[in-house]
Amino acid sequence: DIQMTQSPSSLSASIGDGITITCRARQSIISYLNWYQQKPGKAPKLLIYAASSLQSGVPSRFSGSGSGTYFTLTINSLQPEDFATYYCQQSYSTPWTFGQGTKVEIE
Amino acid sequence: QVQLVESGGGLVKPGGSLRLACAASGFTFSDYYMSWIRQAPGKGLDWVSYISSSGGTIYYADSVKGRFTISRDNAKNSLYLQMNSLRAEDTAVYYCAREAGSGRFDYWGQGTLVTVSS
Numbered sequence: 001d002i003q004m005t006q007s008p009s010s011l012s013a014s015i016g017d018g019i020t021i022t023c024r025a026r027q028s029i030i031s032y033l034n035w036y037q038q039k040p041g042k043a044p045k046l047l048i049y050a051a052s053s054l055q056s057g058v059p060s061r062f063s064g065s066g067s068g069t070y071f072t073l074t075i076n077s078l079q080p081e082d083f084a085t086y087y088c089q090q091s092y093s094t095p096w097t098f099g100q101g102t103k104v105e106i107e
Numbered sequence: 001q002v003q004l005v006e007s008g009g010g011l012v013k014p015g016g017s018l019r020l021a022c023a024a025s026g027f028t029f030s031d032y033y034m035s036w037i038r039q040a041p042g043k044g045l046d047w048v049s050y051i052s053s054s055g056g057t058i059y060y061a062d063s064v065k066g067r068f069t070i071s072r073d074n075a076k077n078s079l080y081l082q083m084n085s086l087r088a089e090d091t092a093v094y095y096c097a098r099e100a101g102s103g104r105f106d107y108w109g110q111g112t113l114v115t116v117s118s
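Structure below.
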């Protein structure tokens, strides 16, 4: 199984801040990396797929980059609705695996 | 619009069984791979199983292999998860999700809670 490790596990930020979350894979997953946002009590929502492609309907302040084993999710100018938990997921090989999540809280 | 609605969750004793269902609408169900993904209370996401569009290819996480069975009925636009020999560690919200291609999940249901406890 491909282990995915996110950092940090949590962070505090203010409205308008820019933040970056990292996700590392134990082995190369090329660009088979997806990012999800989850709010309490809700299902996850796909934000970014194939490392850097923005899912339809997702605001452009979200962006993804990386390849191989190192990936980042960047949110420019945090909005109130962006405070949530974010997960990366590899789709290079089954079993599909997720990072442990990064909780973004209001400072 | 795409909609996925899970049902069948509940409280079950260890060793018991439960069958989850996911009703799909708003898209051509038979064109898509589907997955079950779970989330234990306060924990992260844990992929459980997928089934190909025709049902001919199935994959399970090691943690459920031999105990869970995924299936689908394309005529009824429905996905199922038969869960046997349930354990306390199977307690979670179970989501069905559509695979958009390359293993990414573009639509998720609202989830159904399965609690395994005596």
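Taken in order, these protein sequences are the chains called A and B.
Position 25 (the first sequence) corresponds to 25 in the numbering used here; numbering is contiguous.
Position 24 (the second sequence) corresponds to 24 in the numbering used here; numbering is contiguous.
Cβ atoms here follow ideal geometry from the backbone N, Cα and C, with glycine treated the same way.
The three-state reading of DSSP puts A/E105 in strand, counting E and B together. In the structure shown, A/S60 adopts coil according to DSSP, grouped into three states. Counting the other CB atoms within 10 Å of its CB gives A/P44 a total of 16 or more, which places it among the buried residues. A straight line joining the alpha-carbon of B/R98 with that of B/I58 spans about 14 Å. Looking at the backbone, the Cα of A/Q100 and that of B/L45 are separated by about 8 Å. Within the segment 42 to 55 of chain B, G44, L45, D46, W47, Y50 place their CB atoms closer than 8 Å to a CB of chain A, listed in sequence order. For A/S93, the secondary structure class from DSSP, reduced to helix, strand or coil, is coil. Listed along chain A, the residues sitting closer than 9 Å to B/Y95 by beta-carbon distance are A43, P44. Taking a beta-carbon distance threshold of 8 Å, B/F105 counts as an interface residue toward chain A. Only buried fits A/A51, as 16 or more other CB atoms lie within 10 angstroms of its CB. Interface with chain B (8 Å Cβ-Cβ cutoff): A/Q27 is excluded.
Neighbourhood of A/F83 in chain B, by CB distance below 7 Å: empty, with the nearest CB roughly 17 Å away. The distance from the Cβ of B/Y50 to that of B/Y33 is about 6 Å, consistent with a contact at the 8 Å cut-off. Neighbours of A/G101 in chain B, taken as residues whose beta carbon is under 7 Å from its own, are G44 in chain order.
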